[in-house]
Structure formats: C-alpha cells, structure tokens
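Mapping of the sequence shown onto numbering that gives the first Met the number 0: residues 0 to 54, in sequence order.
Quick reminder that beta carbons are idealized off the backbone N, C-alpha and C, glycines included.
Bear in mind that the values here come from a model prediction, so they are computed numbers and not experimental data.
Below is one structure; the comments refer to it alone.
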Amino acid sequence: MVNDEVRWRSAWVADGATLLATIAARVLASMICLDDATSRHRSNPFGLYDEIQIT
C-alpha cells in the first residue's frame, strides 16, 4: 500500500515538472517572437497568417 502511494506521488511530481517545463518553453518562445516583431506577434501569435496575402 505504501508502495502504491509512492508511485502515485512520483507520477504526480513528474506531471507537475512536465507542466512547468512546457510553460517555461512557451514563455521563452513567446519572448523570442516578441523580439522579432511585437505587433505582428500580438495579432498573429503562431504565424498562421504569414502566407495569406490580404489585398
């Protein structure tokens, strides 16, 4: 029973670490994008409309 609790806590800690790493990676990526073009990043955060020409 103790062993199951240790496994559960280990999995919970690993999930939390993964979540924090994901958040940190997204923040870092957004900072790099903001350095590139701040106004374009706000209106087009993932570059989805870069290839669409609006005339």
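CA-to-CA distance, residue j to residue i, given in whole angstroms
{"i": "TRP7", "j": "ASP14", "result": "11 Å"}
{"i": "ALA24", "j": "LEU18", "result": "10 Å"}
{"i": "VAL12", "j": "GLU4", "result": "12 Å"}
{"i": "LEU27", "j": "SER9", "result": "27 Å"}
{"i": "ASN2", "j": "MET30", "result": "42 Å"}
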